[in-house]
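Protein chains in written order, with the numbering used here: chain A, 1 to 136; chain B, 1001 to 1136; chain C, 2001 to 2136; chain D, 3001 to 3136.
By construction, the Cβ of each residue, glycine as well, lies at the ideal position given by its N, Cα and C atoms.
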């Protein structure tokens, strides 16, 4: 199963060539992750604000395949490629409305107690909510 | 008449105090302006990409009244306080879901031919589309 | 007396027209304020990290006069136009290396205890360090 | 040979946990790349503005090892791990002033004619300027 969320490339995402400046893609992916975690009932802002749990990133890999322009509608697909004790591997694929893949990102984030910086086990509820998105 | 668009404060908008860092409000307002111009049939990305017309800012005034936190749902109201030959005054009010005003911004932008930097008259169509939002 | 700090317009500051996107100016001004406060011996990061005192913004006014391009060297002048009990009015002027003014900003910030959100009096040391920059 | 440039973590780089939000590292690396290319006599803004040549990114890999806080002085080391016909592999290491590695990034960028999107061979001058930084 994949989660998909639609975004529009904003003016503020674009560089002097009129295309997304690469770090801006990670803001788009950050919003997509928020959409995903909210969709599965584990909203990022609830974890951060109420539980003081965060998801710092430990590893990020991206292949940039085609540029995106201001005003493009893009779809972000999210799948889970790793579901460890505390770590979560998310794969993001951004597709344009021409069907072409714009980029593929694999990131590993770790559920962390933000008060002491220690990893926290992914609980059963969250694990069950993530499991359907595991790439088999 | 007011145009209203709903946004959520993103993690990336927030500073070490967990509240929106003030320049980030202008990214939220930039998206709200895009929503407004699209709603009235004069999408910013169409103007920029196809007509090479932009809306550079010449004047900006903001009163920051209350902070916004990550995860807050906020409503952005847009009204027109000036409709000149080429210039457009937009007033933005951001309200929290507690009903409190977070900020009020007045900005003046100028319709501009981005190839030569000269102001361009606001055409009848666009003027008619903006008129209902004029503050009387 | 004026404080002046030199910056270069970065690629990441610029929009599809190759000029600074207006919210990005406030990041440049934020760095210039840091340079100023460090220069007068009251570094912003020391206030934030060690004293839990911040300077949230309550009022911002900007006139944008001329665009800046990627690679431009710009000088940011800072003067004090208000020195209240807790509030500090800073005027910023950005000049290009062609001598032309790019923008003028007046901002009012308030020294605040970030743990309870209350204004804190500007102490004698800080007041004495700011006084030479007061516009008379 | 390594190129090293010193940066300070800005307030605007930091998230609600008071540490650098990961996409902001790429803005710091973007400035560091600008410093490097200027140092070797091939300034990015000269390439972009005058030659219409850019360096779009095709591949990015980062390991995040330790967080950085607002006010941290950090050193960015740059080395060349690949010098292809048109492609350039840059390895960045960010170290804190405690000597600890904060992150390691490997990116592949491609010299590109930004008017037609085609790769352009890296000329002899630029190749000679980059060669001393090749990891052997």
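- Annotation for residue 1007 of chain B: the continuous beta strand (DSSP E) segment containing it runs 1003-1008.
- Just so you know, the alpha carbons of residue 3037 of chain D and residue 3112 of chain D end up roughly 16 Å apart.
- Only those residues of the region 6-29 of chain A whose C-beta falls short of 8 Å from the nearest C-beta of chain C are listed: 11, 12, 14, 15, 16, 17, 18, 21 and 23.
- Contact check between the region 3031-3046 of chain D and the region 73-90 of chain A: fewer than three CB pairs, one atom from each, fall below 8 Å, which does not count as touching.
- Distance between residue 2067 of chain C and residue 2021 of chain C, taken at the CA atoms: about 9 Å.
- Per DSSP, residue 3114 of chain D has no beta bridge partner at all.
- Residues of chain D with a Cβ closer than 9 Å to the Cβ of residue 2049 of chain C are, in chain order, 3018, 3069, 3070 and 3071.
- For residue 24 of chain A, same chain residues with a beta-carbon under 6 Å away, outside a window of 5 residues either side, are 13 in chain order.
- When Cβ-Cβ separations below 8 Å define contact, residue 39 of chain A makes no contact with chain B.
- Residue 2031 of chain C carries a helical assignment under DSSP once its states are collapsed to helix, strand and coil.
- A straight line joining the alpha-carbon of residue 2064 of chain C with that of residue 2 of chain A spans about 46 Å.
- Taking CB atoms only, residue 2052 of chain C has no neighbour in chain D less than 8 Å away.
- The Cβ atoms of residue 2054 of chain C and residue 1011 of chain B lie no closer than 8 Å to each other.
- One alpha carbon belongs to residue 118 of chain A, the other to residue 108 of chain A, and they sit about 16 Å apart.
- For residue 2042 of chain C, no CB of chain D lies under 8 Å from its own CB, so it is not counted at the interface with that chain.
- If you look at residue 124 of chain A, you'll find it isn't in any beta strand (DSSP E); it sits in the alpha helix (DSSP H) that goes 124-130.
- Taking C-beta atoms as the reference points, residue 74 of chain A and residue 9 of chain A count as a pair closer than 8 Å.
- Assigned with DSSP and collapsed to three states, residue 3056 of chain D falls in coil, not helix or strand.
- In this structure residue 3102 of chain D is buried. Its beta-carbon is surrounded by 16 or more other beta-carbon atoms within 10 angstroms.
- In the DSSP assignment, residue 2092 of chain C is bridged to C/2078 and C/2105.
- In this structure, the alpha-carbon of residue 3044 of chain D lies about 41 Å from that of residue 2087 of chain C.
- At least one CB of chain C lies nearer than 8 Å to the CB of residue 1060 of chain B.
- Under the three-state reduction of DSSP, residue 3019 of chain D is assigned to strand.
- Residues of chain D with a Cβ closer than 7 Å to the Cβ of residue 2031 of chain C are, in chain order, 3010.
- Excluding sequence positions up to five before and after residue 1106 of chain B, its CB lies within less than 6 Å of the CB of 1061 and 1091, all in the same chain and listed in chain order.
- Under a criterion of Cβ atoms nearer than 8 Å, no residue of chain A is adjacent to residue 1091 of chain B; the nearest Cβ is some 20 Å distant.
- Taking 8 Å as the cut-off, the Cβ atoms of residue 2085 of chain C and residue 2048 of chain C do not count as close.
- Distance between residue 29 of chain A and residue 6 of chain A, taken at the CA atoms: about 11 Å.
- Contact with chain B is found for residue 34 of chain A, since one of that chain's Cβ atoms lies less than 8 Å from the residue's Cβ.
- For residue 1081 of chain B, none of the residues of chain C pass the 7 Å Cβ criterion, the least Cβ distance being about 16 Å.
- Here the alpha carbons of residue 2089 of chain C and residue 2128 of chain C stand approximately 15 Å from one another.
- Across the region 92-126 of chain A, CB contacts with chain D closer than 7 Å involve 114, in sequence order along the chain.
- In its chain, beyond the 5 residues on either side, no residue has a beta carbon closer than 6 Å to the beta carbon of residue 98 of chain A.
- Shown here for residue 1032 of chain B: same chain residues with a beta carbon closer than 6 Å to its own, the five before and five after excluded, namely 1005 and 1076 in chain order.
- In the structure shown, the three-state DSSP call for residue 1098 of chain B is coil.
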